[in-house]
Structure formats: structure tokens, C-alpha cells
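The structure under discussion appears below in the form of C-alpha cells.
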Amino acid sequence: DAARLPRLYPILQFFNIDFPAYNQVNVSFFIAIGVAMLAYYILWKTNLGYEIRAVGYSPLAAEYGGISVAKNII
Numbered sequence: 123d124a125a126r127l128p129r130l131y132p133i134l135q136f137f138n139i140d141f142p143a144y145n146q147v148n149v150s151f152f153i154a155i156g157v158a159m160l161a162y163y164i165l166w167k168t169n170l171g172y173e174i175r176a177v178g179y180s181p182l183a184a185e186y187g188g189i190s191v192a193k194n195i196i
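Numbering (the working numbering), first residue to last: 123 to 196.
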């Protein structure tokens, strides 16, 4: 059998949160939301994110601005 992530319903039921039992949402949904929020924060709120975006938009302009292009290529 394949590996499975835990269903969300039993976890919410433990905390007395009303949620439909037939829903197919599992914990991976909230993990994905958390990863998306982390990526947003890194790319738009940190110096590293600024450098990555600058190199992505224009490597030549980023290099002219003092950003190491080789360091920021993903």
C-alpha cells in the first residue's frame, strides 16, 4: 500500500471543531499553504528575495547594482 497522510477530520474532531466528515482534505493541504506563505515571505520581505527577483528580472542590471548573479541563480 502507498503511504498516506493523516486525514484532517479526526484532528479537527479532537479539538471540537465542526467540519464535514465526507471532506477529503488531509494535512498536506495545510502544509502546502504554509510552504506558500513561507515562499511569499522569503521572496517579498527579505534581502535574499529581493536579490533573487532582481537577478530573475535582469541579470545584467542586478550585476550592475552590485548583486552577485552567480550566487543567486537557482
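We put the CB at the ideal spot given by N, CA and C, even for glycine.
For residue i, which residues does DSSP report across the bridge?
| i | result |
| --- | --- |
| N148 | R129 |
Report buried or exposed for residue i, applying the criterion of at least 16 other Cβ atoms within 10 angstroms of its Cβ.
| i | result |
| --- | --- |
| I174 | buried |
| A161 | exposed |
| A125 | exposed |
| A184 | buried |
Could you give the first and the last residue of the continuous alpha helix (DSSP H) run that contains residue i?
| i | result |
| --- | --- |
| N138 | Unbroken run through N138: none, as it is neither H nor E. |
| I174 | 169–179 |
Assuming residue i contacts residue j under a Cβ cut-off of 8 angstroms, what Cβ separation, rounded to an integer in Å, is found between them?
| i | j | result |
| --- | --- | --- |
| A176 | I189 | 6 angstroms |
For the pair the segment 149–167 and the segment 124–140, tell me if three or more CB-CB distances fall below 8 angstroms. Yes, the segment 149–167 is in contact with the segment 124–140.
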